[in-house]
Amino acid sequence: MSYLTHLLTHLRKDLRLEWRARDSINGMLFFSLLVVVLFSLAFEPDAAVSRQISGGILWVAILFATVTALNQAWTRELRNDVLDAQRLAPSPASTLFLGKAIANLLFVGLVELILAPIFVVFYNLHVLGNPWLLALVMPLGTWALIVNGTFFAALGLRTRNRELLLPLVLFPISMPALLGMVQATTLILTGGDNLYAVFWIKMLTGYDIIFTTVCILLFETILHAE
Amino acid sequence: MTHPAHTEAAQLTGVSKLFGSFAALRNITLTIPPGTCTMVLGENGAGKSTLLRLIAGLNAPTQGKLTVFGDAPQSQRRRIAYMSHAPMLYDELSAMENLRYFAALYKSDGCACVGSPEMALRAVNLDPHLTRPVGQYSQGMRQRTSLARVMQADPELLLLDEPFSNLDVASAQQMVELLTDFRTWPVSGGGTRTILLTTHQARLAEPLADTVLTLRQGALISSLPKTGAA
């Protein structure tokens, strides 16, 4: 019970900070919109081509946007040495990590909700497969990026080039998840075999479980590293 | 929750701390008895902040043994509070929001050993109803909010790193009086309150201190009862 209370305390704090500053959401939104618009202008795709490439473009836009938000996420903790106060508090370190990861998931989720209709208009999309499967792929894929991103952003906190370091570490480790997200999204958009889409969704679920567990277990070591 | 009685609030035996090849602390052997107030003096770079960070458990000694209440500092987090140069507060939140957040982190099942944020803010002469974010406070107000943050944790060992540095004389004097008073407040788990503070304003903190330590280039050069301090 106490664990959940601490987690909610961190989550509420992160939501409140973002509500006051709106750094992450604004940055992500403009960045992802820019990527979507630029790609649509560069390729001028017809409906069939759109369905083939839009899964990849959507996830690349979300990946880049996520990185901008994740870089911000821990900077707030560094300002005024608040992170030291966090390290001294007798609450489990993983609640801080999970609170921040869930907050980031909500921020990116909000951006995805705003981005989705714009994306459909720009790429003239009609989902040919089961659209409900997208409701599984989107949160699973986003969590895969967020959980690793939040962890590696914390890992790079004490380095000078942390903003450069994050994508360098996050992109390679996210490759399997990114492959799953793009393949599943493309299959759903093009009306491909649902079985294949379900296979990629299962792979994403496994990836999420493994990396969430590893990040939770290792976060305390990262937080208290000198 | 009652804590087992230990003779020493903090004990350092041959403690050194290296940052790369730079020795911030050299072979410090020191005992901080419970219920005392110790003032640490020294020039900039003497190792005062490093000493406090080691005792708080934020850094680990490179060499030597350090215990707080007979155990590793990390396992005594509930009994230690640390106030650094920086306010350790979120700029976007108000003082009350900051204090409520940190109070919630100190609460756990079966332990309500946290003071009220309202009381802590009133104790440092700040209005708990102030809605302005901390980022808009003056340095002195931030310092007082930071003190309220550590006091509400109800610590047995209070570590203060230059607590008077951003305060005018009157506010600093008030803080000394508050800390003198704080030492008499009952500890929820039993025991007594111990204060370890670093300062450049020795005269100001003198009424509070029982012992004065002097550090120079990372070495402890004197440990004297207050009356014997230079």
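Chain order of the listed sequences is U and V. Each residue of the first sequence is one higher than the one before, starting from 1 at the first, in our numbering. Each residue of the second sequence is one higher than the one before, starting from 227 at the first, in our numbering. By construction, the Cβ of each residue, glycine as well, lies at the ideal position given by its N, Cα and C atoms.
Based on Cα-Cα distance, which residue from the options lies nearest to residue i?
i, options, result
"residue 34 of chain U", "U/19, U/12, U/62, U/191", "U/62"
"residue 298 of chain V", "V/310, V/309, V/282, V/312", "V/282"
"residue 141 of chain U", "U/82, U/32, U/205", "U/205"
"residue 129 of chain U", "U/74, U/188, U/83, U/116", "U/188"
"residue 406 of chain V", "V/321, V/261, V/236", "V/261"
"residue 234 of chain V", "V/372, V/419, V/368, V/279", "V/419"
"residue 333 of chain V", "V/357, V/305, V/311", "V/305"
"residue 3 of chain U", "U/58, U/196, U/98, U/108", "U/98"
"residue 64 of chain U", "U/151, U/226, U/170", "U/170"
"residue 358 of chain V", "V/348, V/295, V/316, V/271", "V/316"
"residue 414 of chain V", "V/383, V/426, V/427", "V/383"
"residue 227 of chain U", "V/254, V/292, V/308, V/324", "What is shown of chain U runs 1 to 226, which leaves residue 227 of chain U out entirely."
"residue 168 of chain U", "U/183, U/107, U/152, U/136", "U/152"
"residue 230 of chain U", "U/180, U/186, U/192", "Missing from the structure shown is residue 230 of chain U; chain U here goes from 1 to 226 and no further."
"residue 22 of chain U", "U/85, U/214, U/104, U/218", "U/104"
"residue 119 of chain U", "U/6, U/39, U/173", "U/39"
"residue 268 of chain V", "V/258, V/442, V/395", "V/442"
"residue 331 of chain V", "U/12, U/212, U/55", "U/12"
"residue 25 of chain U", "U/108, U/138, U/100, U/92", "U/108"
"residue 247 of chain V", "V/313, V/288, V/397, V/432", "V/288"
"residue 134 of chain U", "U/161, U/185, U/86, U/148", "U/185"
Would you report the Cα separation of residue i and residue j, rounded to the nearest angstrom?
i, j, result
"residue 436 of chain V", "residue 90 of chain U", "29 angstroms"
"residue 245 of chain V", "residue 445 of chain V", "15 angstroms"
"residue 73 of chain U", "residue 286 of chain V", "27 angstroms"
"residue 422 of chain V", "residue 361 of chain V", "28 angstroms"
"residue 224 of chain U", "residue 409 of chain V", "30 angstroms"
"residue 209 of chain U", "residue 143 of chain U", "10 angstroms"
"residue 250 of chain V", "residue 276 of chain V", "7 angstroms"
"residue 199 of chain U", "residue 416 of chain V", "59 angstroms"
"residue 424 of chain V", "residue 158 of chain U", "26 angstroms"
"residue 237 of chain V", "residue 402 of chain V", "25 angstroms"
"residue 218 of chain V", "residue 391 of chain V", "Absent from the model: residue 218 of chain V. The displayed extent of chain V is 227 to 456, so no value can be given."
"residue 378 of chain V", "residue 346 of chain V", "6 angstroms"
"residue 456 of chain V", "residue 412 of chain V", "Confidence in residue 456 of chain V is poor, its pLDDT being 42 and thus under 50, which makes the residue's placement too unreliable to answer from."
"residue 136 of chain U", "residue 30 of chain U", "25 angstroms"
"residue 58 of chain U", "residue 318 of chain V", "32 angstroms"
"residue 178 of chain U", "residue 132 of chain U", "19 angstroms"
"residue 52 of chain U", "residue 8 of chain U", "40 angstroms"
"residue 100 of chain U", "residue 32 of chain U", "21 angstroms"
Where does the unbroken alpha helix (DSSP H) through residue i begin, and where does it stop?
i, result
"residue 349 of chain V", "343-349"
"residue 138 of chain U", "131-155"
"residue 229 of chain U", "In the structure as shown, chain U begins at 1 and stops at 226. Residue 229 of chain U is therefore absent and cannot be evaluated."
"residue 190 of chain U", "162-190"
"residue 120 of chain U", "93-122"
"residue 265 of chain V", "Segment 263-267 is the beta strand (DSSP E) holding residue 265 of chain V; no alpha helix (DSSP H) there."
"residue 396 of chain V", "395-408"
"residue 430 of chain V", "428-431"
"residue 302 of chain V", "No alpha helix (DSSP H) holds residue 302 of chain V; DSSP gives it neither H nor E."
"residue 46 of chain U", "Per DSSP, residue 46 of chain U belongs to no alpha helix (DSSP H) and is neither H nor E."
"residue 371 of chain V", "365-377"
"residue 80 of chain U", "That residue, residue 80 of chain U, is in no alpha helix (DSSP H); it is neither H nor E in DSSP."
For the beta strand (DSSP E) that residue i lies in, which residues bound it at each end?
i, result
"residue 239 of chain V", "236-245"
"residue 309 of chain V", "306-309"
"residue 290 of chain V", "289-294"
"residue 387 of chain V", "383-387"
"residue 438 of chain V", "437-442"
"residue 252 of chain V", "248-258"
"residue 422 of chain V", "420-424"
"residue 448 of chain V", "445-451"
Buried or exposed: where does residue i fall if 16 or more other Cβ atoms within 10 Å of its Cβ makes it buried?
i, result
"residue 343 of chain V", "buried"
"residue 94 of chain U", "buried"
"residue 273 of chain V", "buried"
"residue 381 of chain V", "buried"
"residue 221 of chain U", "exposed"
"residue 355 of chain V", "exposed"
"residue 126 of chain U", "exposed"
"residue 19 of chain U", "exposed"
"residue 102 of chain U", "buried"
"residue 213 of chain U", "exposed"
"residue 291 of chain V", "exposed"
"residue 226 of chain U", "exposed"
"residue 43 of chain U", "exposed"
Note down, in chain order, all residues in the stretch 314-329 of chain V with a beta-carbon under 8 angstroms from any beta-carbon belonging to chain U.
-> Answer set for the stretch 314-329 of chain V: 314, 315, 316, 317, 318, 319, 323, 327, 328.
Interface positions of the stretch 264-278 of chain V facing chain U (Cβ-Cβ less than 8 angstroms), listed along the chain | none
Within 8 angstroms of chain V by C-beta, residues of the stretch 69-80 of chain U in sequence order = 76, 79, 80
In chain order, what residues of the stretch 430-451 of chain V put their CB closer than 9 angstroms to some CB of chain U?
-> none
Given a limit of 7 angstroms on CB to CB distance, which residues of the stretch 79-96 of chain U reach chain V?
-> Residues 79, 80, 81, 82, 84, 85, 87, 88, 89, 90, 91.
When you check each C-beta in the stretch 161-173 of chain U against every C-beta of chain V, which residues fall closer than 8 angstroms?
-> none
Determine which residues of the stretch 384-403 of chain V have a Cβ less than 8 angstroms from any Cβ of chain U, and write them out in chain order.
-> none
Which of the residues in the stretch 215-226 of chain U, read from start to end, lie with their CB under 8 angstroms from any CB of chain V?
-> 224, 226
Name the residues in the stretch 16-36 of chain U whose C-beta lies less than 8 angstroms from a C-beta of chain V; which are they?
-> 16, 17, 20, 21
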